[in-house]
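Participant:
There are 2 protein chains.
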Amino acid sequence: MALSDRKKRILRAIVETYIATAEPVGSKAVAQLAGLDVSTATIRNEMADLTEQGYLEQPHTSAGRVPSAAGYRLYVNELMDRQQLTLQETQRINDALNLKMEELDRVIDRAGKVLSQISDYPVFTMAAAKEQVTVKRFDLLMVEDSAFIAVVMTDSSVVKNKLIHIPNGLSDPQLQMLSAVLNSSFVGLGREEMEQTLDKMETRTAPGAFELISLVVEFAMEVLADQGQQKFRTAGITHLLEHPEYHSLDKAKPLMAYLSEEGDPPRLPATLDTGKNMNILIGPENVSDALKDTSVVMASYDIGDNMRGVIGVVGPTRMDYAKVTARLSYFADSLTRMFGKELPAPEEQE
Amino acid sequence: MALSDRKKRILRAIVETYIATAEPVGSKAVAQLAGLDVSTATIRNEMADLTEQGYLEQPHTSAGRVPSAAGYRLYVNELMDRQQLTLQETQRINDALNLKMEELDRVIDRAGKVLSQISDYPVFTMAAAKEQVTVKRFDLLMVEDSAFIAVVMTDSSVVKNKLIHIPNGLSDPQLQMLSAVLNSSFVGLGREEMEQTLDKMETRTAPGAFELISLVVEFAMEVLADQGQQKFRTAGITHLLEHPEYHSLDKAKPLMAYLSEEGDPPRLPATLDTGKNMNILIGPENVSDALKDTSVVMASYDIGDNMRGVIGVVGPTRMDYAKVTARLSYFADSLTRMFGKELPAPEEQE
DNA sequence: CTTAGCACTCATATTCTACGAGTGCTAAAG
DNA sequence: CTTTAGCACTCGTAGAATATGAGTGCTAAG
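Chains as they are written, first to last, in this note's numbering: chain H, 4 to 353; chain S, 4 to 353.
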C-alpha cells in the first residue's frame, strides 16, 4: 500500500502548490513543479490513482485536484520538510518572551500575539494545572485601620492578593491569630477540601472571627479555581480573513465567533495530558463542528511543576504546515525553557 | 435655520428606517412611516430641501436618501427618543458586574463583553490614571530561603505582588532593613522620581543591598507604568460582520485590524479628561482614518479617586444610536457606582 | 509504461437586456 | 402659496445567454 516515489513527489507538489495558491492544481502545474521529466498525461494517470486511493479530491469534474484530509495527513507525516526559522524570526520570538517581569498570563498572551503575527494565522492559548492546586501559605498585611491585604501563594508558586475591608478594624494580635488559623488549617488543601474545612469550622468558632476567616478562604478558593481552570484565549483572529477560504462571510463568521468566545471551557481535544508535545489535527479529525474545515496545529509546554500550557495555530486545512510547525515548536520549546521545571517560579526573571 | 416640524419628522423617519434596513429610503417609505397625511410628492419636495441643506445624501441619482453625518448629528442631538432598557437587560448587566471579587481588569473586560452582546456592536474599553500614580507602601514577605514576595500598593489602592528570587538568602533583620529603606525613600514618588532616587542611592549604598532595592523598585516602577498607561481592550469584534456595511471584506478588515491591536496607545480622542460623560462621534468627526466611516459612542466613569475609564461602542454610522446610548449610559453609571469614590478600593466587594 | 491527440465538462467571466424603485419637473387643483 | 397627480428619465441590480479556457479521461501509437 506504500506509494511509489513518483506518486509521493506528485502528491507533495500538489499539496504545496495548493497551500501556496489556494486553487485546485492541474497536471500541467505539477509537471513543472515536481521536477519529474514526464509529460502531463503521465501525471494525469498518477493523479487519477491518487484520487482513487483517497489522497486527492476533485471539486468538480474538470478542475484540478485538491488534497483530501488523508492527503494532508500523509504530507504532514512523511513528505513535509522541516523548515528553518530565519534569524530575524527567532530574534522576534526571543524578544517577545524575554520581557522582564511580566506575569504568566501576559507572557502567554504576548506569545500568542507574536506567533500569530509570524504565522499569519489565528492563535489560541490555554493553560491549566495538571493536578489539584493547593495553597502553600497565607500572609496578611494590615493597611490603615479598615483594611488588610490577603496574600495567597499556591504550590505552583503563583501569588495573588486582595484588599479586604473590615468595618470594625483589627488589632495586631487578632491579625496574628487569623494568620495562624489560616496557615494551620487551610494550607495544603484543594478547593473542595477548603470548603469542607470551612463548613466544619463554622459551628465551633466565634461568628466574628469566622466571618474574617471565610472572607480570606473564599478568596483563596477563587484563586485555586482560577488556576485550575483552563483559560482559553486567542490572538490575531483577523488573520483568518486574509485566507481565501474565509473570504465568504458565511464561512468566516462561525469560526470567528467560535474563536472569540474566550474563557469558556475548552472545546478542543484535551491534549494537555497526552505525552506528545506537538499535535496536528486536520479538518474532520477535529471534534468540534465549527472546526470541521479547519486544521489545528498545537504544541504543549510545561509551566512550573504542576501546570501545562497549550499554544496552537488555527487555519484552513490548506495551512502551511511546514512553516507553522517549525515556528510553533520553537515557541513551545522556548516557553518550556522559560517556565519549565528548572525555574522554581513562573514569575522568575531570566 | 431651524427646520420645520414636518422636516424634522421626515428626517427622523429616514434616519430610523435607514438604521433598521441599511438601505436608502425612498419617499414612499417615508410617507407610510412618518405618520404625515401628505402625498409622496410633497415628501419628495421636503426631501430635496433636506438634501440641499446637507442633512441627507443621495448615493446616486435615483436611489432613496441616506442620512449624512450632519443628519445623524441632528438626529442624535434633537430627534432621538431615549430608549428604556428591559428588565432582562438591566438584570444581565447587573449580573455581569456583581461578580464577587474579580480584579478591576476582569470586571472591565467582562463589562465590555456583555455590552457588546446586548448592543450587537464591538466594544472597546480603556482605563488610565488621571494623575501621577505613586506607591503608598511596600511589604516584603519571606518565602522559604531563596525568595521573597514584594507587595506594592499604589495610592489608587491597587495591590500587585511579585516573587523575587535571591540566590544567597536573606536574614529577617536584613528584610526589615530593606523594607524600611523602601518605605522611607520611595513611598509617595512617581515613576520618574523613583528612578532618580534610585540613581542617587547607587553611589552611597552597599552593592548587595542596592541590587535588592533596585529589584523591588523596578517592579514598583513597572506597576506604576502599567497603572498610568491607557489599556485599550476590545470585545465582540465579530459583531461587525453582522452589519451589511461590513459584508465586504475590504471594508471590514481595516477596522477589525484596528480594533484588534489591543494594548497600544490610544488612538481615540482622549475624552478621559472632558467633563462630559457621554460622547458621540459620527463618521468624519473621528480623528483616526480607520474610523472615518464609523461612529463611536463612548461614556466615561470613575475608578476610585485617581482613575478614569472609558467604555465605548463602535459601529457603522448607521448605528442604532437610541439603543446604544441607553445601554451605554446605564453601564457607565453602574460602573461609576461600583468603582467610584464611595468605595475606597477598586477590588472592594459589593 | 509513456505520451500525443482529442473530445468533453464545467466553473468563471463577460455582455446584454429587462426591470423597477426612485427622482425631478410640470401643470393642475385646493 | 401649497399640495398633488402624472410622467419621462436615471441608474443600479438581477438574470439570461454566451464565450472562454483550464483540466480531465480515453484511446491509440511510440
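Virtual Cβ for every residue (Gly too), placed ideally from N, Cα, C.
Keep in mind it's a predicted model, so treat the numbers as computed, not measured.
Any residues in the segment 222-243 of chain H with a beta carbon nearer than 8 Å to a beta carbon of chain S? Which ones, in chain order?
Facilitator: Per Cβ criterion, the list reads Phe222, Glu225, Gly239, Ile240 and Thr241.
Participant: Would you call the CB atoms of Leu201(S) and Ile169(S) closer than 8 Å?
Facilitator: On the second sequence, residue 201(S) is found 198 positions in, with the first residue counted as 1. On the second sequence, residue 169(S) is found 166 positions in, with the first residue counted as 1. For Leu201(S) and Ile169(S), no; Cβs fall outside 8 Å.
Participant: What would DSSP say about Ile216(H), mapped onto helix, strand or coil?
Facilitator: Translated into the one-based positions of the first sequence, residue 216(H) becomes position 213. Correct three-state label for Ile216(H): helix.
Participant: Is it the case that the Cβ atoms of Gly312(S) and Thr157(S) are separated by a distance below 8 Å?
Facilitator: In the second sequence, the residue the question calls residue 312(S) occupies position 309. In the second sequence, the residue the question calls residue 157(S) occupies position 154. No. Outside cutoff.
Participant: List, in order along the chain, the chain H residues whose C-beta lies closer than 7 Å to that of Leu252(S)?
Facilitator: On the second sequence, position 249 is the one that residue 252(S) refers to. Chain H residues near Leu252(S): Leu244 and His250.
Participant: Verify the CB distance criterion: does Asn171(S) have a CB-CB separation below 8 Å to chain H?
Facilitator: Here residue 171(S) refers to the residue found at position 168 of the second sequence. Judged by the 8 Å Cβ criterion, Asn171(S) is not in contact with chain H.
Participant: Quick check on the burial criterion: 16 or more other C-beta atoms within 10 angstroms. Buried or exposed for Glu81(H)?
Facilitator: By 1-based counting over the first sequence, the position of residue 81(H) is 78. Glu81(H) comes out exposed.
Participant: Taking the straight line between their C-alpha atoms, what separation do you get for Arg321(S) and Ser7(S)?
Facilitator: Counting from 1 along the second sequence, the entry for residue 321(S) is found at position 318. Counting from 1 along the second sequence, the entry for residue 7(S) is found at position 4. Approximately 24 Å between the Cα atoms of the pair.
Participant: Please report the residue range of the beta strand (DSSP E) in which Lys139(H) lies.
Facilitator: Reading the first sequence from its first residue, position 136 is the one you call residue 139(H). Val138 to Val146 is the extent of the beta strand (DSSP E) around Lys139(H).
Participant: Out of Ala329(S), Ala34(S) and Leu39(S), which one is the CA nearest neighbour of Met281(S)?
Facilitator: For the purposes of this step, residue 281(S) is identified with residue 278 of the second sequence, where counting begins at 1. The shortest Cα separation from Met281(S) among Ala329(S), Ala34(S) and Leu39(S) belongs to Ala329(S).
Participant: By the 10 Å Cβ neighbour count, where 16 or more other Cβ atoms means buried, how is Leu90(H) classified, buried or exposed?
Facilitator: Numbered from 1 along the first sequence, position 87 holds the residue referred to as residue 90(H). With fewer than 16 other Cβ atoms within 10 Å, it is exposed.
Participant: In whole angstroms, give me the CA-to-CA distance for Pro268(S) and Ala130(S).
Facilitator: As a first step, residue 268(S) is located in the second sequence; it is residue number 265 there, counting from the start. As a first step, residue 130(S) is located in the second sequence; it is residue number 127 there, counting from the start. Reliability of the predicted coordinates at Pro268(S) is poor, the pLDDT of 49 falling under 50, and no value is obtained from them.
Participant: Report the partner residues of Thr118(S) according to the DSSP bridge assignment.
Facilitator: Sequence index remark: in the second sequence, residue 118(S) carries index 115 (1-based). A quick correction: the sequence has Leu, not Thr, at residue 118(S). DSSP output for Leu118(S) lists no bridge partner at all.
Participant: Over the uninterrupted alpha helix (DSSP H) stretch that includes Ile46(S), give me the two end residues.
Facilitator: Along the second sequence, one-based indexing puts residue 46(S) at 43. Where Ile46(S) is concerned, the enclosing alpha helix (DSSP H) stretches over Thr43 to Glu55.
Participant: With DSSP as the reference, label Pro268(S) as helix, strand or coil.
Facilitator: One-based indexing of the second sequence puts residue 268(S) at position 265. No answer about Pro268(S) holds up, because its pLDDT of 49 lies below 50 and its placement is not dependable.
Participant: Rounded to a whole number of angstroms, what is the C-alpha to C-alpha distance between Val299(H) and Asp52(S)?
Facilitator: Residue 299(H) sits at position 296 when you count from the first residue of the first sequence. Residue 52(S) sits at position 49 when you count from the first residue of the second sequence. Their Cα atoms are separated by approximately 58 Å.
Participant: Helix or strand or just coil, what does DSSP make of Met204(H)?
Facilitator: For this step, residue 204(H) is matched to residue 201 along the first sequence. Helix, per DSSP.
Participant: Spatial neighbours of Leu376(S) within its chain, please: CB distance less than 8 Å, with the 5 preceding and 5 following residues excluded, ordered by chain position.
Facilitator: No answer is possible for residue 376(S): the residues shown for chain S start at 4 and end at 353.
Participant: Name the DSSP beta bridge partners of Ala131(S), please?
Facilitator: Start at 1 with the first residue of the second sequence, and residue 131(S) comes out as number 128. Looking at the DSSP assignment, Ala131(S) forms a beta bridge with Arg311(S).
Participant: Near Gly191(S), what residues of its chain come up, given a Cβ to Cβ distance below 6 Å and the 5 sequence neighbours on each side ignored?
Facilitator: Translated into positions along the second sequence, residue 191(S) becomes position 188. Excluding sequence neighbours, Gly191(S) sits near Thr137.
Participant: Roughly how many whole angstroms lie between the Cα atoms of Pro176(S) and Gln233(S)?
Facilitator: On the second sequence, position 173 is the one that residue 176(S) refers to. On the second sequence, position 230 is the one that residue 233(S) refers to. Looking at the two C-alpha atoms, the distance is approximately 39 Å.
Participant: Cβ of Met156(H) less than 8 Å from any chain S Cβ?
Facilitator: For the purposes of this step, residue 156(H) is identified with residue 153 of the first sequence, where counting begins at 1. It does: the Cβ of Met156(H) has a partner Cβ on chain S nearer than 8 Å.
Participant: Starting from Ile283(H), follow its DSSP beta bridges and name the residues at the other end.
Facilitator: Within the first sequence, the letter at position 280 stands for residue 283(H). BP columns for Ile283(H) point to Val300(H).
Participant: Just checking: is the beta-carbon of Met50(H) within a distance shorter than 8 Å of some beta-carbon in chain S?
Facilitator: Taking the first sequence and counting its residues from 1, the one referred to as residue 50(H) is at position 47. Judged by the 8 Å Cβ criterion, Met50(H) is not in contact with chain S.
Participant: Short check: CB of Val155(S) to CB of Phe222(S), under 8 Å?
Facilitator: On the second sequence, residue 155(S) is found 152 positions in, with the first residue counted as 1. On the second sequence, residue 222(S) is found 219 positions in, with the first residue counted as 1. Yes; because the gap between Cβ atoms is below 8 Å, this pair is in contact.
Participant: In the structure shown, what three-state DSSP assignment does Arg321(S) receive?
Facilitator: On the second sequence, position 318 is the one that residue 321(S) refers to. It is coil, neither helix nor strand.
Participant: Taking just the CA atoms, how far does Asp229(H) sit from Thr237(S)?
Facilitator: For the purposes of this step, residue 237(S) is taken as residue 234 along the second sequence, with counting starting at 1. For the purposes of this step, residue 229(H) is taken as residue 226 along the first sequence, with counting starting at 1. In a straight line, the C-alpha of Thr237(S) is about 22 Å away from that of Asp229(H).
Participant: Mark Ile22(S) as exposed unless 16 or more other C-beta atoms lie within 10 angstroms of its C-beta, in which case mark it buried.
Facilitator: For the purposes of this step, residue 22(S) is taken as the residue at position 19 of the second sequence. Ile22(S) comes out buried.
Participant: Taking only the alpha-carbon atoms, compute the straight-line gap between Val69(S) and Val290(S) and give it to the nearest angstrom.
Facilitator: Taking the first residue of the second sequence as 1, we reach residue 69(S) at position 66. Taking the first residue of the second sequence as 1, we reach residue 290(S) at position 287. Cα to Cα, Val69(S) sits roughly 23 Å from Val290(S).
Participant: So for Leu14(S), helix, strand or coil by DSSP?
Facilitator: The count along the second sequence starts at 1 and reaches residue 14(S) at position 11. Here Leu14(S) sits in helix by DSSP.
Participant: Evaluate Gly172(H) with the Cβ neighbour count: other Cβ atoms within 10 Å of its Cβ, from every protein chain shown; 16 or more gives buried, anything less gives exposed.
Facilitator: What you label residue 172(H) is simply residue 169 of the first sequence in a count that begins at 1. With fewer than 16 other Cβ atoms within 10 Å, it is exposed.
Participant: Counting only beta-carbon separations shorter than 8 Å, does Ser182(H) have a partner in chain S?
Facilitator: In the first sequence, the residue the question calls residue 182(H) occupies position 179. It does not: the Cβ of Ser182(H) has no partner Cβ on chain S nearer than 8 Å.
Participant: So, are the CB atoms of Ala34(S) and Glu288(S) less than 8 Å apart?
Facilitator: Residue 34(S) sits at position 31 when you count from the first residue of the second sequence. Residue 288(S) sits at position 285 when you count from the first residue of the second sequence. No, the Cβ-Cβ distance between Ala34(S) and Glu288(S) is not below 8 Å.
Participant: Give me the Cα-Cα distance between Glu208(H) and Glu195(H), rounded to the nearest whole angstrom.
Facilitator: Counting from one through the first sequence, the residue named residue 208(H) turns up at place 205. Counting from one through the first sequence, the residue named residue 195(H) turns up at place 192. Going by the sequence as given, residue 208(H) is Thr instead of Glu. Computed Cα separation, rounded: 20 Å.
Participant: Taking 8 Å as the threshold (beta carbon to beta carbon), is Ile314(S) in contact with chain H?
Facilitator: Within the second sequence, residue 314(S) is the residue found at index 311, counting from 1. Ile314(S) does not count as touching chain H.
Participant: Considering just the uninterrupted stretch of the beta strand (DSSP E) at Thr157(H), what are its terminal residues?
Facilitator: Position 154 of the first sequence, counted from the first residue, corresponds to residue 157(H). Where Thr157(H) is concerned, the enclosing beta strand (DSSP E) stretches over Ala150 to Thr157.
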